[in-house]
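Structure, as structure tokens:
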Amino acid sequence: MVTVEEVIIIPSQDQEKLKEEVDRLYAKLAKLGWTKEACESIAPFTLRINTIKKEKGIKIFAHSYQTADIIFGVADIVGDSLGLAKKATEVEEDTILLCGVDFMAETMKILNPEKTVFVPEPGRDCTLADSITGEDVKRLKKEHPGVPVICYVNTNAGVKAESDICCTSANARRIVEQLEAETIIFVPDENMGKNLAELTGKNIITFPGYCRTHHALSEKRFNTLQDDAAIKTFAHLECKPEIIQKVDFAGGTGDMHRFVKKAKPGEKVLFLTEQGFVDRMKIEFPDIEFVDSNMICISMKRNDLPTILKAIENPTSENIIELDEKVRKKAFKAVNNMLKY
Ligand code: CIZ
């Protein structure tokens, strides 16, 4: 746990505000086992970040895989990458700090070119987004002329620019089903492509990309987690097909969120996705019992409150997302096509 008192000095007239901030954080984070002392150690950070963001007119967006101190301490809007990008078009602030991984900030910039989008620190990689380039998509199109290309949202702007339509884990199945074509190129998540082929009966041409966090989940570990027949199991579509075949439901975190809203108090739920999402659900739905997945995306976990504070106080050009306008416009088409479904 960071000790921040040496870094941030809270003036004596603000001590009351600091106490209130500790109480606000504790009311949320205690549900994950945080102590009052732990909340005291981060409160000077959250207080300072929340003050600066208001003074500078910045909205903080956080992906559901971020840690709970970011989600409940400083974020204004929380969700999946598409939900965040769409919300960004609705907020009046024109400066957005995106806490997630780099492709998410790019997606936000694709949809919101007139806004300034910046990140706590650049270089938050994603094994899926980094597995493929626009050149790979061009090659696939050459090999399979006339076959439509769907790219998963976990891709960089250059890949979206070469694709016909983008999708998220929440709408991938619907888009594959509704496209007239019986054969579809799906990039870059091979597990998701195979899962979609199984779910829709269509012929899916895949690419060898994986999410290291979801791909690492083995059947053996799944069996250990599902230690009670009454548990409702819900796996992310980035998991291996052998996991998807065993669970009650499959989809993205948006689907999981909708599912839990309808769950009954006392119900036991296993969400096979990143632990940050499970923690968020534990705080938002205290009447439901969630089994920890302990699936961790290390890139998502590189963002923390000190890094956010540094970026929000003194952003440099390195923090700001810029896209080539020609690429952005082409990528916008693929993302916009998805919004029709
Ligand atoms: O779309 C997203 O944000 C990702 C990558 C996963 C999910 O299902 O939320």
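First residue of the sequence shown: 275, per the numbering used here; consecutive thereafter.
Cβ atoms here follow ideal geometry from the backbone N, Cα and C, with glycine treated the same way.
Check your understanding: Going by other Cβ atoms of all chains shown within 10 Å of its Cβ, with 16 needed for buried, is Ile345 buried or exposed?
Key -> Buried, because 16 or more other Cβ atoms sit within 10 Å of the Cβ of Ile345.
Check your understanding: Under a three-way DSSP split, which group does Glu279 fall into?
Key -> Unreliable positioning characterises Glu279 in this predicted model, as indicated by a pLDDT of 45, which lies under 50. The coordinate reading is nonetheless provided below. Note: Glu279 maps to coil in three-state DSSP.
Check your understanding: In three-state DSSP terms, what is Val348?
Key -> DSSP, reduced to helix, strand and coil, places Val348 outside both helices and strands of the structure shown, so it counts as coil.
Point to revise | Whole-angstrom distance between Gly467 and Val278, CA atom to CA atom | key: Below a pLDDT of 50, predicted positions are generally treated as unreliable, and Val278, at 46, falls in that range; the measurement from the model is reported next regardless. In a straight line, the C-alpha of Val278 is about 45 angstroms away from that of Gly467.
Point to revise | Every unbroken beta strand (DSSP E) inside the segment 534-603 [3 residues or more] | key: 542-546, 563-565
Check your understanding: Any heavy atom of ligand 1 within a distance shorter than 7 angstroms of the CB on Ser443?
Key -> Between ligand 1 and Ser443, a heavy atom-to-CB distance of less than 7 angstroms is present.
Practice item. Kindly list the residues whose CB is nearer than 7 angstroms to the CB of Asn568, restricted to its own chain and excluding five residues on each side of it in sequence; keep chain order. Key: Gln549
**Study point:** Reduced DSSP category for His488 - H, G, I as helix; E, B as strand; rest coil
**Key:** helix
Check your understanding: Apart from the five residues just before and just after Lys604, which ones in its own chain have a Cβ nearer than 8 angstroms to its Cβ?
Key -> Lys434, Ala435, Glu436
Exercise for review: Might you give, ordered along the chain, the residues of its own chain that have their beta carbon closer than 6 angstroms to the beta carbon of His488, omitting 5 neighbours on each side?
Suggested key: His510, Glu512, Cys513
Review point. In the DSSP assignment, what residue or residues form a beta bridge with Thr497?
Key: Sequence check: residue 497 is Asn here, not Thr. Bridge partners of Asn497: none, in fact.
Check your understanding: Can you list, in chain order, the residues of its chain whose CB lies under 6 angstroms from that of Asp350, leaving out five sequence neighbours each side?
Key -> Once the five neighbours on either side are set aside, the close Cβ partners of Asp350 are Lys333, Ile334.
Check your understanding: Comparing the CB of Asn428 with every heavy atom of ligand 1, is any distance shorter than 7 angstroms?
Key -> yes
Review point. CB of Ser286 to nearest heavy atom of ligand 2: below 7 angstroms?
Key: Only ligand 1 can be found as ligands here, which leaves ligand 2 out of the picture.
Practice item. Count the other C-beta atoms from every protein chain shown that fall within 10 angstroms of the C-beta of Gly540, then say buried if there are 16 or more, exposed otherwise. Key: exposed
**Study point:** Contact check, Phe392 vs Pro589, beta carbons under 8 angstroms
**Key:** yes
Exercise for review: Go through the segment 334-398 residue by residue and report every complete run of the beta strand (DSSP E) that reaches 3 residues or more, in order.
Suggested key: 351-353, 369-373, 390-392
Check your understanding: Taking the alpha carbon of Asn593 as the point to measure from, which residue in Asp376, Phe319, Lys360 has its own alpha carbon closest?
Key -> The candidate whose alpha carbon is nearest that of Asn593 is Asp376.
Point to revise | Option nearest Ala490 by Cα separation, candidates Asp399, Gly347, Pro515, Thr390 | key: Pro515
Check your understanding: For His531, which three-state DSSP category applies?
Key -> helix
Review point. Do Lys579 and Glu380 have their C-beta atoms within less than 8 angstroms of each other?
Key: The identity of residue 579 in the sequence shown is Leu, whereas the question assumes Lys. Going by C-beta atoms, Leu579 is not nearer than 8 angstroms to Glu380.
Exercise for review: Kindly give me the distance between the Cβ atoms of Leu402 and Asp463, rounded to whole angstroms, as I take these residues to be in contact under 8 angstroms.
Suggested key: About 6 angstroms separates the two Cβ atoms, so the contact holds.
Check your understanding: Does the Cβ-Cβ distance between Ala585 and Pro394 come in under 8 angstroms?
Key -> yes
Check your understanding: For the 8 angstroms Cβ check, are there 3 or more pairs between the segment 296-306 and the segment 547-562?
Key -> Taking one beta carbon from each stretch, the segment 296-306 and the segment 547-562 have 3 or more pairs nearer than 8 angstroms; the two touch.
Review point. With which residues is His510 paired in a DSSP beta bridge?
Key: Bridge partners of His510 according to DSSP: Gly525.
Exercise for review: Name the two residues that bound the continuous beta strand (DSSP E) containing Phe460.
Suggested key: Counting along the chain, the beta strand (DSSP E) containing Phe460 begins and ends at 457-461.
Review point. Is Thr626 near ligand 1, with its Cβ less than 7 angstroms from a heavy atom?
Key: No answer is possible for residue 626: the residues shown for the chain start at 275 and end at 615.
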